Amino acid sequence: MSVVVCARCSSEAPARFHSCPACGAPLHDERVAELLAAGAAAEAAGDLEGANAALREAAALMPPKDPRREGLGGRLEDLARRRAAAPKAAGGVGWGAGLGVLGVLAFVLSKGKFLLAGLTKTGPLLSIVASLGVYWALWGWKFGLGLIVLVYIHELGHVAALRRLGVPATAPMFVPGLGAFVRHAPLATLREQADVSLGGPEWGLGATLLAGLVFLASGEPLFAALTQWSARINLFNLVPMPPLDGGGAIGVLSRGQRALLTAVCAASLALSAEGLLWLVLIVAAFRLFGAAPARGDARVFLRYAGLVAALSWLSAVDVPLPARP
Ligand SMILES: [Zn+2]
Ligand SMILES: [Zn+2]
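Quick note: the sequence shown uses our numbering, first residue 42, plus one each step.
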């Protein structure tokens with residue numbers, strides 16, 4: 042463990058601390074000042090990658106209430122836009138092959154168990170799980186493999202958002218009992234957190250739509266089942282509670298926007314009868330009472346509400362099942 046010495050009271054503290062546990066003084070003031078200066082110099086010299094890296098490192102070392110955070114989020118967003126407009130550097134990071142056969146197997150076994158454990162509370166949720174069993178019995182590994190591909194695309198949405206922001210990230214990883222995740226360096230603002238969180242369900246929605254189109258074109262019931270379950274997995278991730286994606290996005294929504302989001306869940310539930318929406322709705326209503334910013338982020342609200350509505354609609358796809366003999 043690396044240790045730093047407080048400049049004010051000379052006591053030692055772990056380097057990951059923002060401020061001295063003995064006297065409360067910020068521990069990394071000099072380094073933060075250096076990094077901010079280096080970031081400004083790199084930006085002036087046209088080195089956008091270097092500026093982005095320096096400012097992010099500074100943000101990670103600042104205490105949450107540091108006044109120098111003011112405006113940093115805006116500068117990073119501006120850098121992300123300019124980096125996206127700049128011509129691409131050659132050679133990307135090769136993370137596409139991160140999915141091993143063992144990982145696939147572990148995921149199939151774990152995700153099913155995980156969903157079963159969380160959703161057995163009420164009747165509608167039970168019927169959802171029952172459909173998982175029926176689809177699995179009908180299509181077996183084809184259904185399991187399809188779900189994994191769809192979840193992988195969801196994770197790639199997070200990776201894409203992180204890359205846009207210039208935050209280093211790992212390949213998506215499947216973990217027994219936990220599902221899939223992407224590890225990344227700390228984000229500088231709640232707005233960035235919301236951006237990265239919603240990137241997953243947005244790509245997930247795209248993948249779900251694609252599965253739906255394949256069903257429309259081919260009439261294969263397997264793809265109707267995949268459409269329904271991909272929509273459900275993405276909806277589940279929108280429950281506004283950490284560590285789920287919804288939990289990363291709701292932080293920037295005002296109380297009024299949370300009330301509207303709850304209303305969108307209720308309307309979607311009435312239209313689609315998708316039982317999972319109960320979870321999203323109840324937790325969203327609960328988050329009305331938590332700490333919320335006075336001015337919410339309208340774009341994040343529209344993205345979030347749009348995802349809930351679109352995924353509910355797709356989850357209601359009619360899955361044709363063969364008649365029982
Ligand atoms: Zn101290
Ligand atoms: Zn996600």
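Beta carbons: idealized from backbone N, C-alpha and C, even for Gly.
For clarity, every value in this text was computed on a predicted model and none was experimentally measured.
On the three-pair Cβ rule with 8 angstroms, is the segment 259–269 touching the segment 185–193? yes
Examine the Cβ distances between the segment 232–252 and the segment 278–297 and report whether three or more of them are shorter than 8 angstroms. yes
Selected residue, minimal CA-CA separation from R336, among A325, G297, S353 and A311: G297
With a threshold of 7 angstroms on Cβ separation, who are the neighbours of G80 within its own chain once the five nearest residues in sequence on each side are excluded? A92, A95, L96 and A99.
Candidates R124, P105, L312 and V321, of which the one nearest A357 by Cα: L312
Out of curiosity, what's the CA-to-CA distance linking A54 and A210? The C-alpha of A54 lies about 28 angstroms from the C-alpha of A210.
Could you check the C-alpha separation between G240 and A226 for me, to the nearest Å? Taking the straight line from one Cα to the other gives about 16 angstroms.
Opening and closing residue of the alpha helix (DSSP H) in which A339 lies: A339 to S356
List the residues that DSSP assigns as beta-bridge partners of F222. Note: F222 sits in a beta bridge opposite M214.
Short of 6 angstroms in beta carbon distance, which residues of its chain neighbour G198, apart from the five on each side in sequence? Order them along the chain. G240, G241, E243 and W244
Could you check if G241 belongs to the surroundings of ligand 2, using beta carbon to heavy atom distance under 7 angstroms? yes
Starting from E90, follow the alpha helix (DSSP H) in both directions and report where the run begins and ends. L89 to L102
Beta-carbon separation (whole angstroms), V349 vs V324, contact threshold 8 angstroms: The beta-carbon separation of V349 and V324, rounded to 12 angstroms, does not stay under the 8 angstroms limit for a contact.
Could you have a look at S60 and say whether DSSP puts it in helix, strand or coil? strand
Straight-line Cα distance separating A178 from I29: Only positions 42 to 366 of the chain appear in this structure, which leaves residue 29 out of reach.
How about L302 and A346: do their beta carbons lie closer than 8 angstroms? yes
CA nearest to the CA of E84, picked from V237, V200, R123 and R224: Cα-wise, what sits closest to E84 is R123.
Considering Cα atoms alone, identify which of S51, A56 and S52 is closest to S43. A56
Considering only the beta carbon of each residue, do G253 and T268 sit closer than 8 angstroms? yes
Hey, quick one: how far does the beta strand (DSSP E) through E53 stretch, first residue to last? Run containing E53: E53 to P55, per the beta strand (DSSP E) assignment.
Ligand 2 heavy atoms versus the CB of N278: any closer than 7 angstroms? yes
Limits of the unbroken alpha helix (DSSP H) element including A200: Reading the sequence as shown, one finds Val at residue 200 and not Ala. From DSSP, the alpha helix (DSSP H) with V200 extends over W182 to L206.
First and last residue of the uninterrupted alpha helix (DSSP H) at V237: Looking at the DSSP string, the run of the alpha helix (DSSP H) that includes V237 is L231 to S259.
DSSP three-state label for V44, please. strand
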